[in-house]
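A.B. asks: My questions all concern the structure below.
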Amino acid sequence: MPPKPKFTESEKVLCFHGPLLYEAKCVKSRRDPQAKGEFQFFVHYQGWNKNWDEWVPESRILKINPENLDKKDKLLHNHQANVKEKKKSAKNAKPSGGSGSGSNTPQGGGGGTGLGGSLGGLGLGLGGPGSVGSRSNNTSRASTPVSDRASKGGGSKRTLADDERSTSSWEDETPLSSGTRRSAAAAAKKARGGVAGDEGSEDALANRKVQIELPEELKYVLVSDWDLVTHKRQIFQLPAKVPVSAITADFLRHVEKGGQNRTGVHSEIVLGLKDVFNDMLGLCLLYKSERKQFETLMKGDKSPFELYGSPHLLRFMVKLGPYLKLTNIHREPDMRTIEGVLKEFLAYLEAHRPKYFSSKNYVDATEG
1 MPPKPKFTES EKVLCFHGPL LYEAKCVKSR RDPQAKGEFQ FFVHYQGWNK NWDEWVPESR
61 ILKINPENLD KKDKLLHNHQ ANVKEKKKSA KNAKPSGGSG SGSNTPQGGG GGTGLGGSLG
121 GLGLGLGGPG SVGSRSNNTS RASTPVSDRA SKGGGSKRTL ADDERSTSSW EDETPLSSGT
181 RRSAAAAAKK ARGGVAGDEG SEDALANRKV QIELPEELKY VLVSDWDLVT HKRQIFQLPA
241 KVPVSAITAD FLRHVEKGGQ NRTGVHSEIV LGLKDVFNDM LGLCLLYKSE RKQFETLMKG
301 DKSPFELYGS PHLLRFMVKL GPYLKLTNIH REPDMRTIEG VLKEFLAYLE AHRPKYFSSK
361 NYVDATEG
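According to the UniProt record's numbering, the residues represented by the sequence shown are 1 to 368, in order.
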């Protein structure tokens with residue numbers, strides 16, 4: 001009798017992706033063309049975009065049982081501890097000195113660069129009819145990072161086709177952290193095809209990756225956010241005690257204190273982020289359980305930028321990279337400038353994590 005596959009179609013399993021285990025579903029199986037007598041399984045990671053579905057060998061899959069669930073939690077715990085230890089060692093090894101975005105950030109802030117306007121222009125295409133797309137009735141949910149239950153993460157859709165708008169989901173996204181980490185813009189790159197050409201050309205810019213990498217500590221903030229909303233049935237209390245508008249204002253003051261006269265371009269880019277955040281919030285940054293809260297708040301006269309807080313800002317930063325490719329920013333140096341400022345902003349958020357991120361700011365969903 002020929003051997004049967006160990007896992008059946010539609011069976012829920014645990015699957016290794018990088019160093020961690022994730023909940024997944026076995027979609028189908030086939031004979032392994034490279035190993036006689038063995039099987040491969042096509043898996044869909046629970047809550048991830050289908051672009052992450054893949055064929056994996058049997059060795060990467062475990063049955064769901066208490067023992068393996070415990071193993072999954074221990075792997076995540078050890079991974080977090082290792083990351084923190086590495087960051088601590090790296091921090092101790094660094095010489096003291098001010099931080100900055102290096103050559104990525106221009107040193108003069110006098111005349112406008114137009115970068116903020118380019119970013120703001122991105123938002124106009126996201127909401128369809130009506131400037132604030134977040135007021136639409138679509139059932140946006142939000143993407144999930146690598147988590148301590150079913151770790152998953154945020155990335156972004158490659159385009160804004162109608163079918164993708166209707167299913168835009170913070171749950172249905174790419175992982176934030178894995179041993180085989182991929183760019184959040186991979187789908188967009190694949191759709192366009194080709195590779196980057198000469199610097200400064202529009203074609204080259206259209207095909208390059210926009211690098212916005214969340215620091216490890218902020219990834220774990222998203223882990224906590226995901227767990228609180230999806231498992232503990234809580235939502236972030238709104239209006240936020242420290243809204244995104246206040247966080248960005250704090251950042252600009254921090255830049256100003258750096259004494260390098262760089263606030264002009266930073267202010268422009270932050271202003272552009274405001275417009276994009278307002279448009280994206282309701283489209284693709286919310287969990288389904290947060291929709292009612294959102295619809296209630298949008299009846300007032302304040303924008304999402306003035307109402308929402310730190311976890312929604314992080315969800316936004318995860319999604320921002322691929323969407324930057326859709327702006328009218330046509331010069332490579334300008335895109336590098338934006339990347340540099342955003343990198344500096346994320347470093348600031350990481351350094352001030354205790355100030356902006358706390359589970360105490362969540363309440364039961366029925367209270368929100």
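We treat Cβ as the ideally placed atom computed from N, Cα and C, and that holds for glycine.
1. Which whole-angstrom value is the C-beta distance of L222 and E350, which I expect to be below 8 Å?
2. Which residues share a DSSP beta bridge with P31?
3. State the Cα-Cα distance for the pair K302 and D250, rounded to the nearest angstrom.
4. On the criterion of 16 or more Cβ atoms from any shown chain inside 10 Å, does T366 qualify as buried, or is it exposed?
5. Considering just the uninterrupted stretch of the beta strand (DSSP E) at Y362, what are its terminal residues?
6. First and last residue of the beta strand (DSSP E) that includes E332?
7. Among the residues of its own chain, which have a CB less than 8 Å from the CB of E38, if the five just before and after it don't count?
8. Measure the C-alpha to C-alpha separation of residue 419 and H266 and round it to an integer number of angstroms.
9. Give me the DSSP bridge partner(s) of C15.
10. When we look at the beta-carbon of D73 and count the other beta-carbons within 10 Å, is it buried (16 or more) or exposed?
11. Assuming A240 contacts L307 (C-beta within less than 8 Å), just tell me the rounded distance between them.
12. Should T296 be labelled buried (16 or more other beta-carbon atoms within 10 Å of its own) or exposed?
13. If you pair each beta-carbon of the region 278-289 with each one of the region 331-348, do three or more pairs fall below 8 Å?
14. Provide the residue(s) that pair with Q234 in DSSP beta bridges, ordered along the chain.
15. Please state the DSSP three-state secondary structure of W48.
16. So Q234 and Y362 are in contact, right, with Cβ under 8 Å, and what is the actual spacing, rounded?
17. Apply the 10 Å Cβ neighbour rule to E85 and answer buried if 16 or more other Cβ atoms are within range, or exposed otherwise.
18. In whole angstroms, what is the alpha-carbon distance linking L252 and G300?
19. For the alpha helix (DSSP H) containing G321, list its first residue and its last residue.
20. What three-state label does DSSP hand L126 in the structure shown?
C.D. replies: Quick answer:
1. Cβ atoms of L222 and E350 stay farther apart than 8 Å, at about 12 Å.
2. Position check: residue 31 holds Arg in this sequence, whereas Pro was assumed. According to DSSP, which records beta bridges pairwise, R31 is partnered with F39.
3. Cα to Cα, K302 sits roughly 20 Å from D250.
4. By the neighbour-count rule (16 or more Cβ atoms within 10 Å), T366 is not buried but exposed.
5. Residues Y362 to D364.
6. If you look at E332, you'll find it isn't in any beta strand (DSSP E); it sits in the alpha helix (DSSP H) that goes E332 to A351.
7. If you ignore the 5 residues before and after E38, its C-beta comes within less than 8 Å of the C-beta of R31, D32, P57 and E58, all in its own chain and listed in chain order.
8. This structure leaves residue 419 out entirely; the chain is present only between 1 and 368.
9. Bridge partners of C15: Y22 and I61.
10. Counting every other CB atom within 10 Å of its CB across the protein chains shown gives D73 a total below 16, marking it as exposed.
11. About 7 Å separates the two Cβ atoms, so the contact holds.
12. Per the 10 Å Cβ criterion, exposed.
13. The answer is no - the region 331-348 does not touch the region 278-289, with fewer than three Cβ pairs under 8 Å.
14. Paired residue(s): D364.
15. W48 falls in the coil class under three-state DSSP.
16. Q234 to Y362, Cβ: 4 Å. Contact.
17. Exposed.
18. The alpha-carbon atoms of L252 and G300 are separated by roughly 27 Å.
19. Under the DSSP assignment, G321 falls in the alpha helix (DSSP H) whose first and last residues are S310 to L324.
20. Residue confidence for L126 is low, a pLDDT of 34 falling below 50, so the modelled location carries little weight and cannot support an answer.
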